[in-house]
Each structure stands twice: as structure tokens, then as C-alpha cells.
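Visitor: Please read through the structure below; I'll follow up with questions.
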Amino acid sequence: ADDVGADNFKLFEERLLKALGFIRPHLHEEKPSLQALKLYLDIRPHVWFEDKAQLDDIVEDAGNALYPDNFDLARRKLHFMVEEWGGSHEKAWDFATQMSDRFPENGDLACLPYYAMYEEYLSLDMIQGKPDEARDFLLSNATKKRLAPYRERVLLNPRKQVSACYSIPLGW
């Protein structure tokens, strides 16, 4: 909050809570919309609210039941599984590979392991301030080897022109 000022941060927080108030009833519907679930996942990490654990469970259950192979939901979940948000890079990697392997016909989900590696790169570069180590990690043979099983699935995706990450493995 220091870089934006306390007043601006408070205003931002108030607006997030107001947005949460608008989507909260939609989360309690029998079949919450995909948009409501995505909005919740966008807001959730940035503010504290009393029923967070309960809403987390609702969103997780609804997402798994109604949209089990949705890339947008999976990508949002992955982002907040990394170390910077209280998780770990291994947890993010495991989630990414499990989702990708669970739905092998979904070429977009084959991108998740790439995003998991990219999150680790960002952590090294931007959070830990180690740009050289981050670059070495990204270009390493170990990283390429971990991603190899997913590269072909992304590149052979029949929807590759509209895929979420078609261009990512081209440079890897």
C-alpha cells in the first residue's frame, strides 16, 4: 500500500468489497455462472472478508462440478497457488500437470505447466530480485525437459489459433 498511498489503497479495497457484494448472491445460486466464479477468484486474494473460507469452498465445488476443464478458472487458481500467495511452486506445478493430464484433449490446459514455470520465473525475477537466475531457470534444460510432454499437445491443439498459449512453447 505504500507505493499507492493509504487513501488510494483503502478506496481500492472498498471497491473490491463492493464488487464482492454484487457477486456474492450469484455464488450461492444452484449453478453459479462461470463469470461469477472468475470474478470471485480475481477479488479474493486482495481483501479480507469473514466468510472467505466458506466462499472458497463454494467456488471450488462449483468450479469442479460445472466447469472442470475451464482454462480461465484453472489459470486463476494456479496463479494464487505459488509461493508469493502462501503456496509453493511445486504445488502450482502439481496442480498444472494434474489438470493438463486429466483433460488431455483440452489443448488450453496443456498450457498450465508453462504458466507454472512462468510463475516461478516471475518469482525469481521480480519478487526475489534475481534476474540472472530467473533467465537461467527459464532457459535451462531441466525446465525444457519438464515441459516437453506438454509442448506437442499445445502445438497440435486444433484450436491453436484461439488457444490461450499457442505461442508460449514456440520459444521454449
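Counting from 137, one number per residue, gives the positions in the sequence shown under this note's numbering. For every residue, glycine included, the Cβ atom is placed at its ideal position computed from N, Cα and C.
(1) With a 10 Å radius around its C-beta and 16 neighbouring C-beta atoms as the bar for buried, classify asparagine 144 as buried or exposed.
(2) What does the alpha-carbon distance come out to for the pair lysine 188 and serine 259?
(3) So what's proline 168 in DSSP terms, helix, strand or just coil?
(4) Am I right that aspartate 261 and alanine 252 are in contact with their C-beta atoms under 8 Å? What's the rounded C-beta distance?
(5) Pull up the distance between the alpha-carbon of arginine 287 and that of tryptophan 184, whole angstroms please.
(6) In whole angstroms, what is the alpha-carbon distance linking glutamate 219 and arginine 212?
(7) Under 8 Å, with one C-beta from each stretch per pair, do the region 169–183 and the region 192–205 reach the 3-pair mark?
(8) What is the residue span of the alpha helix (DSSP H) that asparagine 144 lies within?
(9) Could you check how far apart the C-beta atoms of proline 249 and alanine 232 are, in whole angstroms? I think they sit under 8 Å.
Guide: Straight from the coordinates:
(1) Exposed, because fewer than 16 other Cβ atoms sit within 10 Å of the Cβ of asparagine 144.
(2) 26 Å
(3) coil
(4) With 8 Å as the limit, aspartate 261 and alanine 252 do not qualify as a contact, their Cβ atoms being about 15 Å apart.
(5) Cα to Cα, the separation comes out at about 38 Å.
(6) In this structure, the alpha-carbon of glutamate 219 lies about 14 Å from that of arginine 212.
(7) yes
(8) Residues 142–163.
(9) 5 Å
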